[in-house]
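Numbering (our numbering), first residue to last: 1 to 543. Cβ coordinates follow ideal geometry from the N, Cα and C atoms, glycine included. Just so it is clear, the structure is predicted and the values come from calculations on it, not from any experiment. Okay, so here's the structure we're looking at.
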Amino acid sequence: MEVKSMNTTATMISLLFLIGVVASEDPYRFFEWHGILINGKFPGPDIVSVTNDNLIINVFNHLDEPFLVSWSGIENMKNSYQDGVYGTTCPIPPGKNYTYALRVKDQIGSFYYFPSLGFHKAAGGFGAIRIYSRPKIPVPFPAPADDYTVLIGDWYNTNHKDLRTQLDNGGTLPLPDGILINGRGSDATVNVEPGKTYRLRISNVGLQNSLNFRIQNHMMTLVEVEGTHTVQTAFSSLDVHVGQSYSVLITADQPAKDYYIVVSSRFTSKILTTTGVLHYSNSAGPVSGPIPDGPNQLNWSLDQAGSIKTNLTASGPRPNPQGSYHYGMIKVTRTIRLANSVGNINGKQRYAVNSASFYPAETPLKLADYFKIDGVYRPGSIPDQPTYGAMFPVTSVMQTDYKAFVEIVFENWEDIIQSWHFDGYSFYVVGMELGKWSADSRKVYNLNDAVSRCTVQVYPKSWTAIYISLDNVGMWNLRSESWERQYLGQQFYMRVYTTSTSLRDEYLIPKNALLCGKASGFNQDQPDEELVELREELTLGGE
Numbered sequence: 001m002e003v004k005s006m007n008t009t010a011t012m013i014s015l016l017f018l019i020g021v022v023a024s025e026d027p028y029r030f031f032e033w034h035g036i037l038i039n040g041k042f043p044g045p046d047i048v049s050v051t052n053d054n055l056i057i058n059v060f061n062h063l064d065e066p067f068l069v070s071w072s073g074i075e076n077m078k079n080s081y082q083d084g085v086y087g088t089t090c091p092i093p094p095g096k097n098y099t100y101a102l103r104v105k106d107q108i109g110s111f112y113y114f115p116s117l118g119f120h121k122a123a124g125g126f127g128a129i130r131i132y133s134r135p136k137i138p139v140p141f142p143a144p145a146d147d148y149t150v151l152i153g154d155w156y157n158t159n160h161k162d163l164r165t166q167l168d169n170g171g172t173l174p175l176p177d178g179i180l181i182n183g184r185g186s187d188a189t190v191n192v193e194p195g196k197t198y199r200l201r202i203s204n205v206g207l208q209n210s211l212n213f214r215i216q217n218h219m220m221t222l223v224e225v226e227g228t229h230t231v232q233t234a235f236s237s238l239d240v241h242v243g244q245s246y247s248v249l250i251t252a253d254q255p256a257k258d259y260y261i262v263v264s265s266r267f268t269s270k271i272l273t274t275t276g277v278l279h280y281s282n283s284a285g286p287v288s289g290p291i292p293d294g295p296n297q298l299n300w301s302l303d304q305a306g307s308i309k310t311n312l313t314a315s316g317p318r319p320n321p322q323g324s325y326h327y328g329m330i331k332v333t334r335t336i337r338l339a340n341s342v343g344n345i346n347g348k349q350r351y352a353v354n355s356a357s358f359y360p361a362e363t364p365l366k367l368a369d370y371f372k373i374d375g376v377y378r379p380g381s382i383p384d385q386p387t388y389g390a391m392f393p394v395t396s397v398m399q400t401d402y403k404a405f406v407e408i409v410f411e412n413w414e415d416i417i418q419s420w421h422f423d424g425y426s427f428y429v430v431g432m433e434l435g436k437w438s439a440d441s442r443k444v445y446n447l448n449d450a451v452s453r454c455t456v457q458v459y460p461k462s463w464t465a466i467y468i469s470l471d472n473v474g475m476w477n478l479r480s481e482s483w484e485r486q487y488l489g490q491q492f493y494m495r496v497y498t499t500s501t502s503l504r505d506e507y508l509i510p511k512n513a514l515l516c517g518k519a520s521g522f523n524q525d526q527p528d529e530e531l532v533e534l535r536e537e538l539t540l541g542g543e
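Set out below in structure tokens:
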């Protein structure tokens with residue numbers, strides 16, 4: 001819900017001072033959320049914003065355990081304190097609240113939010129984020145008749161605590177019970193009028209399965225991937241891997257009736273399928289005919305991924321072509337190779353990156369940095385090349401330099417598909433091939449119009465290479481989007497470090513930051529008494 005009472009300039013500026021955000025001329029959007037089902041909705045309400053908006057989101061935790069919300073794809077925030085994952089942010093205690101302050105700086109596109117602790121994501125708490133271009137910035141397609149959120153994902157009927165307990169006891173997740181479209185099964189409906197064109201923002205918010213999305217008798221034109229306008233390519237179906245978001249245009253250009261919307265699992269031993277309905281306003285009848293089949297070949301998905309490229313003539317969040325940043329001409333300063341693996345530690349199932357299986361520390365790593373608390377983690381505790389050795393438990397943090405231009409190669413030697421996400425960043429997907437990566441693999445890199453995104457798949461027995469400019473100071477989570485795998489260790493934090501204390505590089509710790517673990521006895525610089533009272537009046541500090 002949007003909070004209408006906080007609309008005076010004085011209140012706004014005081015509020016921003018409290019939470020450590022520099023005020024600007026860009027609009028502020030205020031939200032009050034009560035979770036785990038955000039304001040009782042499943043999925044939660046959309047966050048609708050415009051480039052450079054400031055988002056002030058007050059989250060109340062009504063669970064009997066700590067709770068956090070994270071923001072998949074919101075980058076360049078210059079503040080990993082607000083990232084909403086346990087390596088950077090103390091959880092909101094039961095019965096308390098916390099206010100996030102985010103700025104969608106120089107961003108457009110389709111993303112989503114989700115609860116990041118334990119297995120809360122299996123119970124809901126997720127919803128879409130839309131960031132529209134500013135009115136004066138041209139968009140490379142006509143305005144659609146309407147703009148729909150389509151959240152797809154696998155679903156378990158088992159309680160999220162029981163799923164977590166299964167993993168804590170050394171087990172693994174079974175096949176999901178089904179697939180949902182916007183929290184529904186066969187009654188999910190998208191309404192259209194004949195002859196009009198619509199935008200669908202499709203995100204895979206599930207726990208572990210790649211999904212294929214298609215609409216009976218209708219083509220989809222891909223126009224945007226996680227904040228990047230793409231070459232407009234028509235597809236009859238689209239593979240959406242865990243954590244990924246796409247925008248497509250569809251035109252209601254078929255005979256007036258209802259048509260199947262189909263979502264099915266990919267790369268699973270048993271294909272799970274659910275259907276919704278594309279409903280024409282003048283429909284002459286219900287859905288009929290066979291449900292359209294999805295692809296069944298790995299190469300089909302690999303070829304589709306390779307065809308997704310940046311639209312070099314389109315503006316991004318600023319009025320200049322997206323291809324004006326020539327990433328292919330920048331010298332790589334470091335190559336990091338990351339290999340996922342599976343094994344056992346102390347007799348229990350675990351996963352790892354370069355043999356390092358991540359165990360969370362009691363104290364968020366970013367707070368340990370800020371308060372200079374020793375013994376929480378060690379920079380360099382995860383190697384930047386595969387070790388081919390036994391898995392080991394560690395609170396893994398990789399040290400990197402601010403403004404380094406890095407090549408990361410994800411190497412997947414397993415028989416299942418992987419999906420990786422990097423908080424705080426977008427990156428260029430320059431290569432994706434079957435087989436093992438070597439230096440010669442760079443010969444097939446796309447150094448001209450590779451798509452820029454924040455979540456990427458790695459096919460079985462394959463590799464994926466990305467280029468990334470580490471221009472966002474902070475402690476940033478790089479993780480598997482398979483929730484079982486990240487929960488059991490397939491993640492780590494990248495410490496993007498500089499000695500600079502300039503606000504141009506990183507915002508200060510928020511004045512309302514929650515403190516926990518070894519940081520609980522520390523104090524930040526506190527605002528004056530009058531502003532403390534104002535914070536309490538506005539229910540902002542988790543008190």
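Per DSSP, Leu249 is one residue of the beta strand (DSSP E) stretching across Ser245 to Thr251. Between Leu173 and Glu484 the beta-carbon gap is near 5 Å, inside 8 Å, which marks them as a contact. C-alpha of Glu433 to C-alpha of Trp463: approximately 6 Å in a straight line.
Rounded to the nearest angstrom, the Cβ distance from Thr230 to Leu238 is 12 Å, too far for a contact under 8 Å.
Between Pro286 and Ile261, the alpha-carbon positions lie close to 13 Å from each other. Around the Cβ of Asn346, a 10 Å sphere holds fewer than 16 other Cβ atoms; the residue is exposed. At the C-beta level, Glu411 and Ala305 stay beyond 7 Å of one another. Look at the region 436-500 and you find these whole runs of alpha helix (DSSP H), each 4 residues long or longer: 483-487.
Ranked by Cα distance from Gly474, the options Thr228, Leu514 and Leu365 are led by Leu365. Within the region 35-116, there are no complete alpha helix (DSSP H) runs of at least 4 residues. With a cutoff of 7 Å on beta-carbon distance, Pro91 and Leu68 are scored as near each other. Taking C-beta atoms under 8 Å as the contact rule, Leu151 and Ala122 fail to qualify, at a distance of about 14 Å.
In chain order, Asn217 place their CB closer than 6 Å to the CB of Gln254, counting only its own chain and leaving out the 5 sequence neighbours on each side. Judged by DSSP in its simplified three-state form, Ser301 adopts helix. Contact check between the region 35-51 and the region 442-453: fewer than three CB pairs, one atom from each, fall below 8 Å, which does not count as touching.
If you check the CB distance, Gly35 and Gly125 come in under 7 Å. A straight-line Cα-Cα distance of about 17 Å links Asp146 and Val277. Annotation: the continuous beta strand (DSSP E) that includes Lys348 extends over Lys348 to Val353. Secondary structure note for Thr149: its beta strand (DSSP E) is the uninterrupted segment Asp146 to Trp155. For His326, there is no enclosing beta strand (DSSP E), as DSSP marks it with neither H nor E.
Under DSSP, the beta-bridge partners assigned to Gly431 are Ala465.
In the structure shown, the three-state DSSP call for Ser419 is strand.
Residue nearest to Thr189 within the set Asn296, Asp258 and Tyr351 is Asp258 (criterion: CA-CA distance). CA-CA distance, Ser245 to Ser264, rounds to 16 Å. Per DSSP, Gln399 lies in no alpha helix (DSSP H); the unbroken beta strand (DSSP E) holding it starts and ends at Ser396 to Asp401. Taking C-beta atoms as the reference points, Phe427 and Ile382 fail to come closer than 7 Å. Residues Ser186, Tyr260, Ile261, Val262 and Ile291 of the same chain have their beta carbon placed closer than 7 Å to that of Thr275, with the five preceding and five following residues left out of the count. For Gln166, no beta strand (DSSP E) run applies; the uninterrupted alpha helix (DSSP H) run containing it begins and ends at His160 to Asp168, by DSSP. In the three-state reduction of the DSSP assignment, His241 falls in the coil class, being assigned neither a helical nor a strand state. Between Asp423 and Asp83, the C-beta gap is smaller than 7 Å, which places the two residues in contact. A contact between stretches requires three or more CB pairs, one per stretch, nearer than 8 Å, and the region 493-511 fails this requirement with the region 447-464. With respect to Asn191, His279 sits close: the two C-beta atoms are nearer than 7 Å. Cβ-Cβ distances below 6 Å link Ser281 to Glu193 in the same chain, with the five nearest sequence neighbours on each side left out; the list follows chain order. Ile202 is the residue among Tyr459, Ile202 and Pro140 whose C-alpha sits nearest the C-alpha of Ile215. For Ser520, the secondary structure class from DSSP, reduced to helix, strand or coil, is coil. In the DSSP annotation of this structure, the continuous segment of the beta strand (DSSP E) that includes Leu222 starts and ends at Met220 to Val225.
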